[in-house]
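A short worksheet on the structure shown next.
Numbering (this note's numbering), first residue to last: -17 to 687.
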């Protein structure tokens, strides 16, 4: 190939940025001011009230400069309140901008992969392997391209020929290359990754602008993030509280006028003090951080190499109470290997090995290859299948695969099958044969040991059983125990027979299992749980998983899986690690825990502000209210200003918690509620008293009030 057809160098994703990295801070500061646009502020009703209050106090300050005798508060005090109210709005904007900046930085590292790449496109199947240069942006779904070692894969696709190692570090962050090959679960390739060795023939499965990278970047940089149902419900609650406090504050001015007139003493409460009171009493803390918490939740999913199509998917992961997990690759290591050949009465180990090898000739799965390899090691290598032999592929419905051999050399046509014991049994019985009882007992014994028996048949005769072995992953039982303590039910799904499934389920510690599962069985089970009011999560990678993924509330598709699976899911795991589902649930729960904790703190921390501002604005009329000044604040001015400053600074203090999230703990809902009330409820009561008093001491010490 000439040089014009060589791909441009790949740009790998950069390292994860620190929480307060300067590269994030400076753009976030700029965005904080840009978000002062009223059209942006209106989206957050709580902070919009603060925004209006900031403008009102600023106008009051300008009025005080022109006619100081006409205002109840000195200009310096009004200016100080106005400045800190603007800071409150800016700090909330900064929190949201910082969360968005982290997501944008992650997407920007992938944007570098979108290079103008040349591809080798198959001109026409009728003209043979005639590869012509073509730019990636001109490729369309269904086109076939050749990708040699050193080339970038131009667009997402499926490998239809060849085996090669692929560097996916720019997508997944993993430096170790992965093997991509035609057939099986590892045939999917992602545009922007690089072939390191050998070559692949890839059928493009998307049009330009629809690739995985395009969807990922568009998710972050496209339209504004939509609020989730829980977020909408919480916003309604916060708006309701704001309306209540707004009504209460509005009545205090006429009440103060009446009180001063009736008592004949005191000072009418100022508009500046009322605005300060309103801003301090409405839930500004969670109002200012609510959007940042949601954005940060999606960002943490991205840091875990999981792409969520929406915030709703992340949130739903936190509410999940049923997990459906495939046995292979999730609970077990997934590298089932042939371990033994067991002959039926009247047959031999040699016959079982040869028949199983021929039946596996077209089987590209690791299990099929291991059968051929075991037969070769035992000295039972099968003869090469004739060119006119017809392979019978495995399907989820038949749960068998095999080979149909034509008649040759005086031997009639032969039908070789291998697969699940019950499936092969039904097959031979439909042909008029039966399965020996001794062989059924041998298969049951293999299943009781946790192995997987595969029956092997020639025509209507069962010649034996192949034993496959797999190993349960270390530590998986403890993980399931944690989920159980959280009230989450775990269900193992497998195509194995019930005895094998029961043995592995007991060893892994799952709550239930579905054996001999077909796509219809998975779909039926999900609907059953959903009809009981449960939220269901599952993983999948194959086309046959697509219906169940589309039905599940949280559906995690493997990036190495088929296009149908990725389109049906609402999350894509870049690492293609089925156990990631557990981490996804933990991340979702951490999001909900963070939002709940900050809401608890926000509501609780209003109490101290009552004790600061209420005595300050009414003590001149009702001296007895001085008893409520339990913090011993220096003066009414310092009390109000201290509360306003604390109200602004606490948002800054809590930004790291909003972005990092509350640490996940595998405890039940009741224990979690008690813990949150103790830390964030009691903390929300105590911390403001300390903070407001400390600010007051500073103001008084420096003579600022």
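In this text, a Cβ means the ideal position worked out from N, Cα and C, and glycines have one as well.
Which of helix, strand or coil DSSP assigns to residue i
i           : result
residue 657 : helix
residue 496 : strand
residue 323 : strand
residue 521 : strand
residue 431 : coil
residue 284 : helix
residue 440 : strand
residue 612 : coil
residue 516 : coil
residue 702 : Limits of the chain in this structure are -17 at one end and 687 at the other, which puts residue 702 out of reach.
residue 151 : helix
residue 243 : helix
residue 468 : coil
residue 310 : strand
residue 181 : strand
residue 451 : strand
residue 40  : helix
Through-space distance from residue j to residue i, alpha-carbon basis
i           : j           : result
residue 14  : residue 23  : 11 Å
residue 266 : residue 661 : 19 Å
residue 566 : residue 263 : 36 Å
residue 520 : residue 533 : 10 Å
residue 38  : residue 467 : 51 Å
residue 663 : residue 590 : 13 Å
residue 354 : residue 176 : 31 Å
residue 626 : residue 231 : 16 Å
residue 416 : residue 437 : 12 Å
residue 400 : residue 334 : 10 Å
residue 25  : residue 80  : 18 Å
residue 304 : residue 86  : 32 Å
residue 84  : residue 284 : 10 Å
residue 29  : residue 674 : 21 Å
residue 683 : residue 19  : 37 Å
residue 601 : residue 233 : 17 Å
residue 108 : residue 179 : With a pLDDT of 45 at residue 108, under the threshold of 50, the predicted position of this residue should be treated as unreliable, though the coordinate-derived value follows. In a straight line, the C-alpha of residue 108 is about 28 Å away from that of residue 179.
residue 428 : residue 516 : 35 Å
residue 223 : residue 640 : 22 Å
residue 27  : residue 100 : 50 Å
residue 213 : residue 44  : 38 Å
residue 616 : residue 236 : 27 Å
residue 618 : residue 638 : 32 Å
residue 4   : residue 76  : 13 Å
residue 12  : residue 78  : 12 Å
Beta-carbon separation (whole angstroms), residue i vs residue j, contact threshold 8 Å
i           : j           : result
residue 250 : residue 238 : 5 Å
residue 563 : residue 289 : Going by Cβ atoms, the distance from residue 563 to residue 289 rounds to 14 Å, so no, they are not a contact pair.
residue 63  : residue 623 : 7 Å
residue 270 : residue 73  : 7 Å
residue 306 : residue 518 : 6 Å
residue 525 : residue 539 : Contact flag wrong, Cβ pair sits at about 11 Å.
residue 681 : residue 620 : 5 Å
residue 541 : residue 170 : 7 Å
residue 699 : residue 413 : Residue 699 lies beyond the residue range present for the chain, which begins at -17 and ends at 687; the question has no answer from this structure.
residue 595 : residue 228 : Going by Cβ atoms, the distance from residue 595 to residue 228 rounds to 15 Å, so no, they are not a contact pair.
Where residue i falls, given that 16 or more other Cβ within 10 Å makes a residue buried
i           : result
residue 315 : exposed
residue 287 : buried
residue 47  : exposed
residue 172 : buried
residue 530 : buried
residue 103 : buried
residue 8   : exposed
residue 604 : exposed
residue 240 : exposed
residue 105 : exposed
residue 584 : buried
**Asked** Below 8 Å, can you find three or more Cβ-Cβ pairs linking the region 27 to 45 to the region 67 to 82?
**Response** By the Cβ test, the region 27 to 45 is in contact with the region 67 to 82, since at least three Cβ pairs between them sit closer than 8 Å.
**Prompt:** Within the chosen definition, does the region 612 to 632 reach the region 642 to 651 through at least 3 CB pairs nearer than 8 Å?
**Reply:** Between the region 612 to 632 and the region 642 to 651, the count of C-beta pairs closer than 8 Å stays below three; the two stretches do not touch.
**Request:** Would you check if the region 599 to 618 and the region 285 to 302 touch, i.e. whether three or more CB-CB distances between them fall below 8 Å?
**Result:** No, they do not touch.
**Sufficient close CB pairs (3 or more, under 8 Å) joining the region 387 to 405 to the region 472 to 485** = Yes: at least three Cβ pairs fall under 8 Å.
**Prompt:** Between the region 177 to 193 and the region 126 to 134, do at least 3 Cβ pairs fall closer than 8 Å?
**Reply:** Contact annotation: the region 177 to 193 touches the region 126 to 134, with at least three C-beta pairs closer than 8 Å.
**Asked** Pairing CB atoms from the region 343 to 359 with CB atoms from the region 378 to 391, are three or more of them under 8 Å?
**Response** By the C-beta criterion, the region 343 to 359 is judged to be in contact with the region 378 to 391, since at least 3 inter-stretch pairs fall below 8 Å.
**Request:** Could you tell me whether the region 570 to 580 touches the region 590 to 601, using the rule of 3 or more Cβ pairs below 8 Å?
**Result:** Touching, no, given that fewer than three Cβ pairs across the two stretches are closer than 8 Å.
**Prompt:** Is there contact here, the region 505 to 517 with the region 435 to 452, by at least three beta-carbon pairs under 8 Å?
**Reply:** No: the two stretches stay apart, fewer than three of their Cβ pairs being nearer than 8 Å.
**Item:** Cβ contact (3+ pairs, closer than 8 Å) linking the region 487 to 500 and the region 456 to 463
**Value:** With the cut-off at 8 Å, the region 487 to 500 and the region 456 to 463 touch.
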